[in-house]
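*Asks:* To convert, note that position 71 of the sequence shown is 70 in numbering that gives the first Met the number 0; the numbers rise steadily by one, no gaps.
Think of the CB as a built atom: it goes at the ideal place given N, C-alpha and C, for glycine as much as any other residue.
Pasting a structure below so you can have a look.
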Amino acid sequence: MLATLDVPYVDTTATDLVWALDHPPTSALAATVLPLDTADGSLELRILGASHQALLHTPRGSLVETVACLPGRRAELPGAAERRIGGLRYRFRARVEHPAADALRSRVRELRRRAELDGGDGRTVLAEFPAHPDAVTVLSMPETASPGACWETWHVYPNSRQIVMTSTEVR
């Protein structure tokens with residue numbers, strides 16, 4: 000799914016991001032809700048601009064993952080984190096790349112292609128800012144045969160030439 004955000008682009012960097020599991024759901028600028036293989040389970044992938052939230056609901060528990068600039072919170076994006084939340088095992092990974100301008104544009108083209116090839120099944124949502132076409136936020140739930148849920152995100156900050164990539168697994 001491709002979404003053009005009708006909001007001004009505000010540049011940020013990886014050092015401004017907060018990773019949180021205790022932030023309440025925030026109004027989304029674009030979102031997709033995906034059923035899980037488990038009964039009564041769903042994953043909502045939400046774009047908040049240059050940031051994201053993932054809302055997971057399963058019979059064993061629920062969680063809200065937020066990676067965003069959160070006023071009043073100290074910026075912290077760990078490279079890795081693991082938690083037990085109710086009956087869920089949560090595993091988070093993040094890394095920041097600093098590609099050259101041409102490589103960054105190439106990566107954005109690749110992410111757009113991925114969203115276009117999604118075929119409308121909603122597993123990938125890409126949001127772009129019309130004023131800055133290389134500033135995109137992408138969330139995707141890869142197809143997986145194992146129980147639980149997993150998702151990946153890309154936050155592209157072209158002014159600082161950074162790509163923040165996260166991956167999450169919940170079992």
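Nearest CA to the CA of Val6: which residue from Leu33, Gln161, Thr136 and Phe128?
*Replies:* For the purposes of this step, residue 6 is taken as residue 7 along the sequence shown, with counting starting at 1. Nearest of Leu33, Gln161, Thr136 and Phe128 to Val6, Cα basis: Phe128.
*Asks:* Return helix, strand or coil for Arg82, following the three-state DSSP convention.
*Replies:* Here residue 82 refers to the residue found at position 83 of the sequence shown. Arg82 falls in the strand class under three-state DSSP.
*Asks:* Cβ of Leu125 within 8 Å of Cβ of Ala134?
*Replies:* In the sequence shown, the residue the question calls residue 125 occupies position 126. In the sequence shown, the residue the question calls residue 134 occupies position 135. No.
*Asks:* For Ser139, report the span of its beta strand (DSSP E) as first-last.
*Replies:* The residue labelled residue 139 in the question sits at position 140 within the sequence shown. Ser139 -> beta strand (DSSP E) spans His131 to Ser139.
*Asks:* With a CB to CB cut of under 8 Å and the five nearest residues on each side skipped, what residues in its chain are close to Arg122?
*Replies:* Here residue 122 is taken as the residue at index 123 of the sequence shown, counted from 1. The answer, listed in chain order, is Thr31, Leu33, Ser139, Met140, Pro141 and Glu142.
*Asks:* If you count every other CB in all the chains shown that lies within 10 Å of the CB of Ala130, and 16 or more means buried, which is it?
*Replies:* For the purposes of this step, residue 130 is taken as residue 131 along the sequence shown, with counting starting at 1. Looking at its Cβ environment, which holds fewer than 16 other Cβ atoms inside 10 Å, Ala130 is exposed.
*Asks:* Going by DSSP, name the residue or residues bridged to Glu127.
*Replies:* Walking along the sequence shown from the start, residue 127 turns up at place 128. BP columns for Glu127 point to Thr3 and Val135.
*Asks:* Quick one: what does DSSP say Ser26 is sitting in, helix, strand or coil?
*Replies:* Along the sequence shown, one-based indexing puts residue 26 at 27. DSSP places Ser26 in coil when its eight states are reduced to three.
*Asks:* Less than 8 Å separating the beta-carbons of Thr3 and Val66?
*Replies:* On the sequence shown, residue 3 is found 4 positions in, with the first residue counted as 1. On the sequence shown, residue 66 is found 67 positions in, with the first residue counted as 1. Taking 8 Å as the Cβ cut-off, Thr3 and Val66 do not qualify as a contacting pair.
*Asks:* Please report the residue range of the alpha helix (DSSP H) in which Val107 lies.
*Replies:* As a first step, residue 107 must be located in the sequence shown, where it is residue number 108. Taken as a continuous stretch (DSSP letters only), the alpha helix (DSSP H) holding Val107 covers Ala100 to Glu115.
*Asks:* Given that a residue counts as buried once 16 or more other Cβ atoms are within 10 Å of its Cβ, and exposed if not, what is Thr14?
*Replies:* The residue labelled residue 14 in the question sits at position 15 within the sequence shown. Exposed: under 16 other Cβ atoms inside 10 Å.
*Asks:* How many whole angstroms separate the CB atoms of Thr167 and Arg90, which I take to be in contact at a CB cut-off of 8 Å?
*Replies:* Counting from 1 along the sequence shown, the entry for residue 167 is found at position 168. Counting from 1 along the sequence shown, the entry for residue 90 is found at position 91. The Cβ separation is near 7 Å, so the contact holds.
*Asks:* Between the beta-carbon of Arg108 and the beta-carbon of Thr165, is there less than 8 Å?
*Replies:* Mapped onto the sequence shown, residue 108 falls at position 109. Mapped onto the sequence shown, residue 165 falls at position 166. Cβ distance not < 8 Å, so Arg108 and Thr165 don't count as in contact.
*Asks:* Please say whether Val17 and Ala74 have beta carbons closer to each other than 8 Å?
*Replies:* Within the sequence shown, the letter at position 75 stands for residue 74. Within the sequence shown, the letter at position 18 stands for residue 17. Cβ distance < 8 Å, so Ala74 and Val17 count as in contact.
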